[in-house]
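2 protein chains.
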Amino acid sequence: MMRKAVTLQQVADAAGVSLNTASRAIRADRYVSDEARARVQEAAERLQYRPNVLARRMRGDKARLLGIFVNAIGWGVVHELVDHISEEARRLDFDLVVFSAQNFHDRRRIGTSDLLADLCDGLLMLLPNREDKILDVLERERGNCVLVSFAAREIGLPVVSVDNRAGGRTATEHLLGLGHRRIAFIHGSHATGQSTERQKGYVDALEAAGIAPDPALMVLGNFNPVETRAATTDLLDLAEPPTAIFAANDGMALTVLEVLRARGLAVPADISVIGFDDMPLASYAQPPLTTLRQPSHDIAVRAVHRLLAMIDGEPFDPARELIAAELVVRASTGPLRRN
Amino acid sequence: MMRKAVTLQQVADAAGVSLNTASRAIRADRYVSDEARARVQEAAERLQYRPNVLARRMRGDKARLLGIFVNAIGWGVVHELVDHISEEARRLDFDLVVFSAQNFHDRRRIGTSDLLADLCDGLLMLLPNREDKILDVLERERGNCVLVSFAAREIGLPVVSVDNRAGGRTATEHLLGLGHRRIAFIHGSHATGQSTERQKGYVDALEAAGIAPDPALMVLGNFNPVETRAATTDLLDLAEPPTAIFAANDGMALTVLEVLRARGLAVPADISVIGFDDMPLASYAQPPLTTLRQPSHDIAVRAVHRLLAMIDGEPFDPARELIAAELVVRASTGPLRRN
DNA sequence: CTGAAAGCGCTAACAC
DNA sequence: GTGTTAGCGCTTTCAG
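In the order they appear, the protein sequences are chains A and B. Under our numbering, think of the first position of the first sequence as 311, with each following residue one higher. Under our numbering, think of the first position of the second sequence as 311, with each following residue one higher.
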């Protein structure tokens, strides 16, 4: 505990009133005489009394507090989301605490997860992992909880997410429109379902264009540089290498660019690259990266609003809400070079 | 409140034991018969009981929970610090919650600040503002609290920070060593004291080199692009413009680079630029930015350790602890071109 | 208007 | 071993 405990009782004693007259005075309740109120407030001031919020909360008061759970990984997009959610929550006079952990169901962590669940009026889960057991608990209890950018499986909880599948399709169609036919896809992990959905969009676009998806062109980068480098190398070493690469996120796309540069390939003259997310670094890349921009602001606003609706007691509505990503064309994609 | 409240009492009833036997069984206390324990655990499982952490906490249990307060602004360096602190805390089996607000003493916010102060075993304040009233409270109460990168004023609380003054001096000496004599300094706000200290180091180096600091070369960028652009323009329009610019952080240095490029000036041939922080973007800048790297990891580790020492009841020690920043030479600085 | 008492959910003394 | 009791600090009936 942080503070030296000055309790309301002590204030009451100092002011010569009963405990609950003090309570009334502090809370500016109406049923107190001006004189008593003055004495209590003076005593509170002098003793530097601060109410114990835990105690209040345990009595069931609203805290006007929202919790965000984030996986320690993936601070890329997450950071923007947190900022926007924070802003929107504050606008609506809610505070926000962020809890960051690798796995919320870790034996060690469970205490804090529960604590926050107890403490907060509602929870926002950012990019939770499909294995996170806390999702089962939340689903079962139908707590006030909204999932953000979760697509790993069907779940009986409200979800707000970028439309990954449509985005994946848009990215691929952009490449198709430039004349590319051999388009590779580098996927990340399946933990949140983001990459998986983007891949579905990629396949959608290919099939709509009458191109059979080639398994050799779908490789695993796993959202990390090491595997992405290896995957890119494999792709380039193919008998018939791709003329364009769609990486499931910008981080991997940047790594692809790096490998390409190392092999002396020109982008987009020799090969085109497109990412997903539009992270801050994207526009600084060499060349600036074409990508799909996450509608972080809209996602955040919608997620907060739906959470508040639940808190306000509106009927439980586990609908999935998808928000479109915007294609941002920069210099890393270009027309297929005919030989 | 998030959960449907299943209390320990209900579990006890269901198991046909007393409240307190149930408590013992749940906590794996030794003084319970195996049979009672089994019955209680079965009941708890069936009812999906989860202990109310608030209640436990109110009784005074340790939460093994640390709180980080960050100002919503300045997510640049802050984000790295949060990551490292989080990692170190977890290594030591502490959880972490992050509270992000513009001003912690805002009437509206005070509830949450207090709540977290009650809840957490200790608090880490990241780059707090000098005006934050919560600092006065913390100082007065001598709570378990460590300030990170605060240099705005003397304060009776432990502080861990990068050595801004030495860093500012190193940056300036680097420029001096390249032959520069007219070196400008773009400072940020005085809110946290970071910029102010870096400026002191700049002046230190200049004076040590026998150069009188020129007020015309010290301009305000205020950590934002708009004012930084204006400041840079002013500098370049001087009768005798600087040959090198030291920006108090990388963000401003990047803006400087942008203005220089727009004016057709070559970096570092025409003018050198150095920043501070070594944010991720720094190495991607055009040209890659020479800067001072924040020892985020060391700062985080030291801050956590000092906080834990306080929590463990070691004597209060409000010493300031400074950690050196490392000069990272990239391509934005070069020798003075003689005309 | 004010005070006494109950109780939020839990754990730690103290009996049995 | 197990149950009973007394709080943690606060708000809220319910009587005065």
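Don't be surprised by glycine CBs; every beta carbon is placed ideally from N, CA and C. Every value quoted in this text rests on a predicted model; they were computed, and no experiment measured them.
Next on the checklist: 9 Å is my cut-off, CB to CB: does E449/A come that close to chain B?
Outcome noted: With 9 Å as the cut-off, E449/A does not count as an interface residue toward chain B.
Item to check | Candidates L486/B, R640/B and P525/B: closest to A518/B by CA position | outcome: The shortest Cα separation from A518/B among L486/B, R640/B and P525/B belongs to L486/B.
Next on the checklist: Is there a Cβ of chain B sitting closer than 9 Å to that of R364/A, yes or no?
Outcome noted: Just to set this straight, residue 364/A is Leu in the shown sequence, not Arg. Using a CB distance cut-off of 9 Å, L364/A counts as an interface residue toward chain B.
Checklist entry - Closest Cβ-Cβ distance between M368/B and chain A: below 9 Å? => result Yes - at least one Cβ of chain A is within 9 Å of the one on M368/B.
Next on the checklist: Would you say V638/B lies against chain A (beta-carbon separation less than 9 Å)?
Outcome noted: Using beta-carbon distances, V638/B does not count as an interface residue toward chain A, since no partner is under 9 Å.
Checklist entry - Do F404/B and L425/B have their C-beta atoms within less than 9 Å of each other? => result 9 Å or more divides the Cβ of F404/B from the Cβ of L425/B.
Checklist entry - Does the beta-carbon of L402/B have 16 or more other beta-carbons within 10 angstroms, so that it is buried, or is it exposed? => result Burial call: exposed.
Item to check | Beta-bridge pairing of D587/B - partner residues as DSSP gives them | outcome: Secondary-structure assignment with DSSP links D587/B through a beta bridge to R603/B.
Item to check | Distance between T542/A and G531/A (C-alpha atoms, nearest Å) | outcome: In this structure, the CA atom of G531/A is about 8 Å from the CA atom of T542/A.
Checklist entry - Taking only runs of the beta strand (DSSP E) that begin and end inside the stretch 550-574 of chain B, which ones reach a length of at least 3 residues, in chain order? => result If we require 3 residues or more, the beta strand (DSSP E) runs fully inside the stretch 550-574 of chain B come out as 554-557.
Next on the checklist: Please return the same chain residues whose Cβ sits closer than 7 Å to the Cβ of S505/A, not counting the five positions on each side in sequence.
Outcome noted: Taken in chain order, the residues that qualify are H497, G498, S499 and A558.
Next on the checklist: Check whether chain B comes within 9 Å of H389/A, counting only Cβ atoms and requiring the distance to be less than that.
Outcome noted: So yes, H389/A belongs to the interface.
Checklist entry - Taking the C-alpha atoms as reference points, what is the distance between M311/A and I521/B? => result Unreliable placement is indicated for M311/A, whose pLDDT of 48 sits below 50; no coordinate value is reported for it.
Next on the checklist: Let me confirm a value: F626/A is counted as buried when at least 16 other C-beta atoms fall within 10 Å, else exposed. Which label applies?
Outcome noted: Around the C-beta of F626/A, fewer than 16 other C-beta atoms lie within 10 Å, and the residue is accordingly described as exposed.
Checklist entry - So, is the C-beta of L591/B closer than 9 Å to a C-beta in chain A? => result Yes, L591/B lies at the interface with chain A (some Cβ there is under 9 Å from its Cβ).
Checklist entry - For R492/A versus L527/A, is the C-beta spacing smaller than 9 Å? => result Closer than 9 Å, so yes.
Next on the checklist: Between Q596/A and chain B, is any beta-carbon pair separated by less than 9 Å?
Outcome noted: With 9 Å as the cut-off, Q596/A counts as an interface residue toward chain B.
Checklist entry - Does the beta carbon of P535/B come closer than 9 Å to any beta carbon on chain A? => result It does not: the Cβ of P535/B has no partner Cβ on chain A nearer than 9 Å.
Next on the checklist: Here's a check: name, in chain order, each residue in its chain whose Cβ is nearer than 7 Å to the Cβ of A335/A, leaving out the five neighbours to either side.
Outcome noted: Cβ within range, chain order: V342, A346, R347, V350 and Q351.
Checklist entry - Grouping DSSP H, G and I as helix and E and B as strand, with all else coil, what is H497/A? => result Three-state DSSP puts H497/A in a strand.
Item to check | Cβ-based neighbour list, C455/A, same chain, cut-off 8 Å, excluding 5 preceding and 5 following | outcome: Annotation for C455/A: G432, L433, L434, M435, L448, L467, P468, L617 and M620 place their beta carbon closer than 8 Å to its own, counting only its chain and skipping 5 residues before and after.
Next on the checklist: On the CB-based measure, 16 or more other CB atoms within 10 Å of its CB, does R571/A come out buried or exposed?
Outcome noted: With fewer than 16 other Cβ atoms from the protein chains shown falling within 10 Å of its own Cβ, R571/A counts as exposed.
Item to check | E398/A versus V392/A - alpha carbon distance | outcome: E398/A and V392/A: Cα-Cα distance of roughly 10 Å.
Checklist entry - Do you know how far the Cα of R463/B is from the Cα of L632/B? => result Distance between the alpha carbons of L632/B and R463/B is about 15 Å.
Next on the checklist: What are the residues in the stretch 427-459 of chain B lying within 9 Å of chain A by C-beta distance?
Outcome noted: Hits within the stretch, in order: A427, D428, L429, C430, D431, G432, L433, V447, L448, R450, E451, R452, G453, N454 and C455.
Checklist entry - Is the stretch 436-445 of chain B touching the stretch 597-606 of chain B in the sense that three or more CB pairs, one from each, lie closer than 8 Å? => result In this structure the stretch 597-606 of chain B does not lie against the stretch 436-445 of chain B, because fewer than three pairs of beta carbons, one per stretch, are closer than 8 Å.
Checklist entry - What is the DSSP secondary structure of G432/B, reduced to helix, strand or coil? => result DSSP places G432/B in strand when its eight states are reduced to three.
Item to check | Residues that R305/A contacts on chain B, provided the C-beta gap is smaller than 7 Å | outcome: This structure cannot settle anything about residue 305/A, because the visible part of chain A is limited to 311 through 649.
Checklist entry - According to DSSP, is S593/A helix, strand or coil? => result Residue state, collapsed to three classes: helix.
Checklist entry - Going along the stretch 396-411 of chain B in order, which residues come within less than 9 Å of chain A, judged by CB to CB distance? => result Cβ contacts with chain A come from S396, E397, R400, D403, D405, L406, V407, V408, F409, S410 and A411.
Checklist entry - Among P645/B, V566/B and P590/B, which residue has its Cα nearest to the Cα of G489/B? => result Per the Cα distances, P645/B.
Checklist entry - Is the Cβ of A476/B closer than 9 Å to any Cβ of chain A? => result No, A476/B lies away from the interface with chain A (no Cβ there is under 9 Å from its Cβ).
Next on the checklist: Quick check: the Cα distance between D323/A and G453/B, rounded to an integer number of angstroms?
Outcome noted: Taking the straight line joining both Cα atoms gives about 25 Å.
Item to check | For G377/B, the residue or residues it bridges with in DSSP | outcome: Paired residue(s): V407/B and L433/B.
Next on the checklist: Please tell me whether, using a cut-off of 8 Å, the distance from the CB of C455/B to the nearest non-hydrogen atom of the ligand MN is below it.
Outcome noted: You won't find the ligand MN in this model; it holds no ligand whatsoever.
Next on the checklist: Using the Cβ count rule (16 or more neighbours within 10 Å means buried), how would you classify R367/A?
Outcome noted: R367/A comes out buried.
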